[in-house]
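So the protein sequences, as listed, match chains E and H. So for the first sequence, full-length UniProt numbering puts the first residue at 1; every next one is plus one. So for the second sequence, full-length UniProt numbering puts the first residue at 1; every next one is plus one. Glycine is no exception: its CB is placed at the ideal position from the N, C-alpha and C atoms.
There are 2 protein chains.
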Amino acid sequence: MLLKTLFAVAALLAAPAAADLNVWPAPASSTTGNSTVCLDRGFKISVAGGKAPADLVSAIARTQANLQRSQHQFLSPTHGAEFFPNGQGCKSYVKELVLNYAKGAVQDPIASPVDKRIANEAYTLDVSAAGVASATGASSLGLLRALTTFENLWFKLNKGAKVARRDYRQARDGEVADAANWGGGGSGGGANPTFAPYAPYHIDDKPAFPWRAVLIDTSRHFFSVETIKRQLDIMSLVKLNVLHWHIVDSQSWPLALSAFPNLAAKGAYSPAEVYSEAQVKDIIQYAGERGIDVVIEIDTPGHTSIIYDSYPDYIACFEKRPWTTYANEPPAGQLRFADQKVTGFVSSLFKSVAGLTKSAYFGTGGDELNVKCYDEDAPTQAILKANSWTIENALKNFTVQTHNTLRSVGRTPVVWEEMAISHGDTGLDPATVVQVWISSASVKQVADKGLRLVHASNDYFYLDCGQGGWVTADGGLNSWCDPYKTWAHIYSFDPYNGTTPAQHAQVLGGQASVWAEQTDESNIDSQIWPRAAAFAEVFWTGGGAKGFPLSAVSATGRLHDIRYRIVDKGVRAIPIQPEWCALRPGLCNLAG
Amino acid sequence: MLLKTLFAVAALLAAPAAADLNVWPAPASSTTGNSTVCLDRGFKISVAGGKAPADLVSAIARTQANLQRSQHQFLSPTHGAEFFPNGQGCKSYVKELVLNYAKGAVQDPIASPVDKRIANEAYTLDVSAAGVASATGASSLGLLRALTTFENLWFKLNKGAKVARRDYRQARDGEVADAANWGGGGSGGGANPTFAPYAPYHIDDKPAFPWRAVLIDTSRHFFSVETIKRQLDIMSLVKLNVLHWHIVDSQSWPLALSAFPNLAAKGAYSPAEVYSEAQVKDIIQYAGERGIDVVIEIDTPGHTSIIYDSYPDYIACFEKRPWTTYANEPPAGQLRFADQKVTGFVSSLFKSVAGLTKSAYFGTGGDELNVKCYDEDAPTQAILKANSWTIENALKNFTVQTHNTLRSVGRTPVVWEEMAISHGDTGLDPATVVQVWISSASVKQVADKGLRLVHASNDYFYLDCGQGGWVTADGGLNSWCDPYKTWAHIYSFDPYNGTTPAQHAQVLGGQASVWAEQTDESNIDSQIWPRAAAFAEVFWTGGGAKGFPLSAVSATGRLHDIRYRIVDKGVRAIPIQPEWCALRPGLCNLAG
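Structure, rendered in structure tokens:
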């Protein structure tokens, strides 16, 4: 086994962070040592000065509970026993982690404009070989990131029969920590300690980009509040900070709005497949406490067929066939945006939904507009003629009015790339955030418009690609965005791809999207994890963009570690390799 | 909605079975009507004459419990309310299903040679418009199939707030039927009945092929007994009848054998990731009661690296590098099969494992033998020289001896295709079953050898394909067997592909394989379901081979139905389309 261990260490030496630091995403800077420290049975997390906002207090309690209930083992053939040779126990214990409280509630800075977000997420963390542990943050949000990193330093030793990788129900049901199994050690106890093998740790960390998002789609399939919170838990674990909530689309309208009750009453799949306003607020609050900004998108003027059930006059080419002529997927149907009634309706709708949110951003959509739908729509054509408008003139009028409404309530619009580059002048404000999705090659065009952008391109970041086409045809169809995006492919992305140095400041970050045509409660965990973790490391570290070359070969061992940690939390992350490989980093490389 | 309903009906008219019959796989022959019948609150299943073997009694109890706890709704925008216009209730009730008991325990015929299996699985089922229900079977196994079909006729109406698609924990935790929610109707009750809308039903059914298998791999990742049983439950639901259990491989040896204790003690990932002999027998018993034959495979002489930990002398090129030269995946290591000691060991091993099984079949492997490994192995070369053998002579000697051992205990060997077509004369007995996996184009070569075959080709039936390569390389690798095999692609397979009419009798059926390099507890449900259901219908109906043209377009609605039924049972089957499409069969066709 000695040779194998040496090999594993050699492989890790090429890793971006300190040689043995398993933390994911890799911190901006860190050093480690060779001392094993254990968590004391009475371990506690305290705040210097004693005062902290409620959501930091709650994060402290969560971290403490997570440490106590984790069964995550060190990934090696001997599951960590190598750090306790000859059956010896721990030599030093961490009794306390002291947080140096900075300012504000965790959730305050995350809902603000992104400008100061990087500074707010910065932190330092130290754990000495003698067991002295402390963290500092520029804000409470930074302290949350420090707590997350701290949690991921630890492993549970199990000297008896190894526990099997737990099933997901067991992990979820184990929420209440069982004191009998608590692996803390200290005088008089600790046969199966919780240990960290590379003390002293010094970590000085901050993200490279302020916008690190996951998109979920609750229209093609409905997801329960619990399932969304489960994703937020793991997003926070890997320091992702934006949930882009594509909440409605042509297929269903699960958002109950007191001002527009018919939209959900007629547009949800069933009365139970609906988010109440209270549930939306609850999700936003839950996310904020975990350092995640929820950006809700009401996609317009396309992707709106379902509005017909409540407002039939507002929708052109409703379920018109063949759908392939009028939409990118069934059913066809788009807002008659040239109509001032419709523009007024959308403005009111945006304002109503924005009232539920805290974010400084709001998604207005703008993708996949089908022009032929309007060419054949008599009401639209009459309005264009009366105003001497082209369809693009009408789109600009609609966009400016609806975006102005959002700005009037303090929200910056977020749009899909077509609004910037496919329909002429749509009147976008320079502050608009553009999500590039059609191709990473579109980045240059968007950047050249002077707009800020988020990398969301399907050729790297669509987690639902490559699993077959879902439209029915005899013999089947392949995915329109084949092949499947592997974690290593995602990991090879350069965030400054397509931009000049002068445009670098326009790149806000990235977004991994999980469209839900073939995703529901059954597989959302597996579609997102662990690939969104690979994505997270690209935009936390900056990848190649920040002089930080990411190598999948070097990262595999650490990715296994975070993946097993995710599973330990009851989330069904896909294994990236056979367990044999997970236990032997480096032995499953192609060049091996 | 009328037009939509008419459209849906029109689409179903092209379906292989009776127009409205939702049963999956489609019965060989059936007729349906237009009467809605409901399950009576006191519904029971009885056996004519009163006598039945224990496993049929248990299947009856399961069916009754499943009917009582199912929340599965009719897939339409109104969730089945269309069958109860003007709020009217049920007009006729099914109070009893009478099984005409034939002979034997359910599990007896399934463990026998396949020759009479088709006859044993045959059954008829009738449900009249007045609610009289009965079934006949050529054997108890046939009655089990009839019970399964009966269960799938029914839908739960929920006139109040629709229940959301349940999450998987809820479904699993709902095992104990809740009388308060029991949807049975009858005098004085039944606001939310369990109904079947197309009575009278007459079904006369039998499978086209006797071997309809799913392969699971418990070496690359370990699966709990519960997880395996969960797959068996759903296999039985879609009338699959063979579990090919690829129980060990180079990566781990999870099979505890009293005669060879070190294999698992040293070769399992951990002591908890092991199947005891009692657990193996329990799984075989559980499967048999559900009409499934468990065929265990001990893959030899390749895929055996892990044996080195217990018997170092028996393995050549152990973990030799680069692994790409010595194996198709890491780690390298193969049995020194030219050595008589090794041949004797494998014979004893086969006999020991066969002693745990009931099946008439036993998998001996034989795939991906790496010859270069032996070219460079001094002990092997010395034996070849001493015997004046080529490596193929040695392989024949090994195969004949180990297969003879199996035959001596009544087992017919099952091998991978290379044993038939890649290594010259390996001395296979004509009764050997050959699994064609490298390409569906290999079928002809195997058939021309006069051997019986099972379609297991990766280009149709590898459910793990198309989700990226798992070997680590910077930038990532695509799957070696891209693209992902969609259900519609699988469904387009012709079982007589590659054979002449005279060879048709050699085609035993098919096998859908779920290799576990990137599959574990997190995603095994989603990898298998619902695609293995599409596979099941090909080999139950015979597909194109039996003059039964399968059309994915026609089948989509029914596949949605069985997929939601699978989810209702707590198994995480992937959605094949947005829920919008599931509720509106035919509206999501490419030609739509």
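Query raised in the report: Taking buried to mean at least 16 other C-beta atoms within 10 Å of its own C-beta, is Gln340/E buried or exposed?
Result: Start at 1 with the first residue of the first sequence, and residue 340/E comes out as number 340. Gln340/E is exposed by the Cβ-count criterion.
Query - Through-space distance from Lys266/E to His560/E, alpha-carbon basis - result: For the purposes of this step, residue 560/E is taken as residue 560 along the first sequence, with counting starting at 1. For the purposes of this step, residue 266/E is taken as residue 266 along the first sequence, with counting starting at 1. Between His560/E and Lys266/E, the C-alpha separation is close to 45 angstroms.
Query - Collapsed DSSP secondary structure at His455/E in the structure displayed - result: Looking up residue 455/E in the first sequence gives position 455. Residue state, collapsed to three classes: strand.
Requested in this report: Could you list the residues in the segment 234-268 of chain E with a C-beta less than 7 angstroms from some C-beta on chain H, going in chain order?
Outcome: Gln251, Ser252
Query raised in the report: Quick one, which of Pro77/H, Arg69/H, Lys159/H has its alpha-carbon nearest Asn86/H's?
Result: Translated into positions along the second sequence, residue 86/H becomes position 86. Comparing Cα positions, the closest option is Lys159/H.
Query raised in the report: Mind checking if Leu587/H is an interface residue toward chain E, Cβ cutoff 8 angstroms exclusive?
Result: As a working note, residue 587/H is residue 587 in the second sequence. Yes - at least one Cβ of chain E is within 8 angstroms of the one on Leu587/H.
Query raised in the report: Mind pulling the chain E residues with CB within less than 7 angstroms of Trp470/H?
Result: Along the second sequence, one-based indexing puts residue 470/H at 470. Here the neighbours are Ile576, Gln577.
**Report entry** Integer-rounded CB distance, given that Asn370/H should sit under 8 angstroms from Ala327/H
**Finding:** Position 327 of the second sequence, counted from the first residue, corresponds to residue 327/H. Position 370 of the second sequence, counted from the first residue, corresponds to residue 370/H. Between Asn370/H and Ala327/H the Cβ distance is about 6 angstroms, and since that is below 8 angstroms, they are a contact.
Report task. Starting from the beta carbon of Leu477/H, find every residue of chain E whose beta carbon is closer than 8 angstroms, and list them in chain order. Result -> The count along the second sequence starts at 1 and reaches residue 477/H at position 477. In chain order: Thr486, Ala488, Leu590.
**Report entry** Cβ-based neighbour list, Ser347/E, same chain, cut-off 7 angstroms, excluding 5 preceding and 5 following
**Finding:** On the first sequence, residue 347/E is found 347 positions in, with the first residue counted as 1. Closer than 7 angstroms at the Cβ level, and outside the excluded window around Ser347/E, lie Gln401, Thr402, Thr405.
**Report entry** Whole-angstrom C-beta distance between Asp520/H and Pro575/E, which should lie under 8 angstroms
**Finding:** Position 575 of the first sequence holds residue 575/E. Position 520 of the second sequence holds residue 520/H. Their Cβ separation, rounded to whole angstroms, is 5 angstroms, which keeps Pro575/E and Asp520/H in contact under 8 angstroms.
Query - Candidates Gly544/H, Lys358/H, Thr325/H, of which the one nearest Asp282/H by Cα - result: As a working note, residue 282/H is residue 282 in the second sequence. The shortest Cα separation from Asp282/H among Gly544/H, Lys358/H, Thr325/H belongs to Lys358/H.
Query raised in the report: By the criterion of Cβ-Cβ separation under 9 angstroms, what are the contact partners of Ala552/H in chain E?
Result: Position 552 of the second sequence, counted from the start, is the residue given in the question as residue 552/H. Those are Thr472, Ala473, Asp474, Gly475, Gly476, listed as they occur along chain E.
Query raised in the report: Under 8 angstroms between C-beta atoms, does Ser522/H make it to chain E?
Result: Residue numbering aside, residue 522/H sits at position 522 when the second sequence is read from its first letter. It does: the Cβ of Ser522/H has a partner Cβ on chain E nearer than 8 angstroms.
Report task. In the DSSP assignment, find the beta strand (DSSP E) that holds Asn100/H and state where it starts and stops. Result -> Numbered from 1 along the second sequence, position 100 holds the residue referred to as residue 100/H. Per DSSP, Asn100/H belongs to the beta strand (DSSP E) from 92-100.
Query raised in the report: Does Val371/H come within less than 8 angstroms of chain E when only Cβ atoms are used?
Result: Working through the second sequence from its first residue, we reach residue 371/H at position 371. Chain E contact via Cβ: absent.
Report task. Quick one: give me the first and last residue of the alpha helix (DSSP H) that Trp580/E is part of. Result -> Looking up residue 580/E in the first sequence gives position 580. Its alpha helix (DSSP H) spans residues 579-582.
Requested in this report: Would you mind stating whether Thr472/E and Ala532/H have Cβ atoms separated by less than 8 angstroms?
Outcome: For this step, residue 472/E is matched to residue 472 along the first sequence. For this step, residue 532/H is matched to residue 532 along the second sequence. No, these two residues do not count as a Cβ contact at 8 angstroms.
Report task. From the DSSP output, in three-state form, read off Tyr484/E for me. Result -> Sequence index remark: in the first sequence, residue 484/E carries index 484 (1-based). Looking at Tyr484/E - three-state DSSP - the assignment turns out to be coil, as it is neither helix nor strand.
Query raised in the report: Along the chain, where does the beta strand (DSSP E) that runs through Ala54/H open and close?
Result: The residue you call residue 54/H lines up with position 54 of the second sequence. Note, Ala54/H: premise wrong, no beta strand (DSSP E); alpha helix (DSSP H) at 54-69.
Query raised in the report: Given 8 angstroms as the limit, is there contact between the segment 285-298 of chain H and the segment 358-367 of chain H, that is, 3 or more CB pairs closer than that?
Result: yes
Query raised in the report: Taking 8 angstroms as the CB-CB limit, is Arg41/E close to chain H?
Result: In the first sequence, the residue the question calls residue 41/E occupies position 41. So, not an interface residue.
Report task. May I ask you to list, following chain order, the residues of the segment 69-87 of chain H that have a beta carbon less than 8 angstroms from some beta carbon of chain E? Result -> His79
**Report entry** Candidates Pro331/H, Glu151/H, His244/H, Thr31/H, of which the one nearest Val238/H by Cα
**Finding:** Counting from one through the second sequence, the residue named residue 238/H turns up at place 238. That would be Glu151/H, whose Cα lies nearest to the Cα of Val238/H.
Query - For Glu297/E, the first and last residue of its enclosing beta strand (DSSP E) - result: As a position in the first sequence, residue 297/E is number 297, starting the count at 1. That run of the beta strand (DSSP E) goes 293-300.
Requested in this report: Would you check if the distance between the CB atom of Ser35/E and the CB atom of Pro210/E is smaller than 8 angstroms?
Outcome: Here residue 35/E corresponds to residue number 35 of the first sequence, with the count starting at 1. Here residue 210/E corresponds to residue number 210 of the first sequence, with the count starting at 1. Their beta carbons are not under 8 angstroms apart, which means Ser35/E does not touch Pro210/E by this criterion.
Query raised in the report: What is the rounded straight-line gap between the Cα of Ala28/E and the Cα of Ile118/E?
Result: In the first sequence, residue 28/E corresponds to position 28, counting from 1. In the first sequence, residue 118/E corresponds to position 118, counting from 1. C-alpha separation (whole angstroms): 12 angstroms.
**Report entry** Contact under 8 angstroms by Cβ, Pro331/E with Ser305/E
**Finding:** Taking the first residue of the first sequence as 1, we reach residue 331/E at position 331. Taking the first residue of the first sequence as 1, we reach residue 305/E at position 305. Contact: yes.
Report task. Decide yes or no for the touch test of the segment 491-504 of chain E against the segment 540-554 of chain E: beta carbon pairs closer than 8 angstroms, at least 3 of them. Result -> yes
Query raised in the report: Can you pull the DSSP bridge partners for Ile45/H?
Result: Start at 1 with the first residue of the second sequence, and residue 45/H comes out as number 45. Beta-bridge pairing links Ile45/H to Leu97/H.
Query - chain H residues whose Cβ lies nearer than 8 angstroms to that of Ala573/E - result: Residue 573/E sits at position 573 when you count from the first residue of the first sequence. Result: Ser522.
Requested in this report: Return helix, strand or coil for Ile315/E, following the three-state DSSP convention.
Outcome: Residue 315/E sits at position 315 when you count from the first residue of the first sequence. Ile315/E falls in the strand class under three-state DSSP.
Requested in this report: Return yes when the Cβ of Trp515/H is within less than 8 angstroms of the Cβ of Asp464/H, no when it is not.
Outcome: Within the second sequence, the letter at position 464 stands for residue 464/H. Within the second sequence, the letter at position 515 stands for residue 515/H. Yes, the Cβ-Cβ distance between Asp464/H and Trp515/H is below 8 angstroms.
Query raised in the report: Of all the options Lys116/H, Pro430/H, Gly344/H, which has the alpha carbon lying nearest to the alpha carbon of Gln413/H?
Result: Counting from 1 along the second sequence, the entry for residue 413/H is found at position 413. Checking the sequence, you will find Pro at residue 413/H rather than Gln. Among Lys116/H, Pro430/H, Gly344/H, the Cα nearest to that of Pro413/H belongs to Pro430/H.
Query raised in the report: Quick one: Cα of Val176/E to Cα of Leu232/E, how far?
Result: In the first sequence, the residue the question calls residue 176/E occupies position 176. In the first sequence, the residue the question calls residue 232/E occupies position 232. Because Val176/E sits at a pLDDT of 38, beneath the cut-off of 50, its placement in the model cannot be relied upon, and the following sentence gives the value as read from the coordinates. Cα to Cα, the separation comes out at about 20 angstroms.
Report task. Report all residues from its chain with a CB closer than 7 angstroms to the CB of Val571/H; omit the five preceding and five following residues, and keep chain order. Result -> Translated into positions along the second sequence, residue 571/H becomes position 571. Around Val571/H: Arg230, Ile234, Asp525, Trp529.
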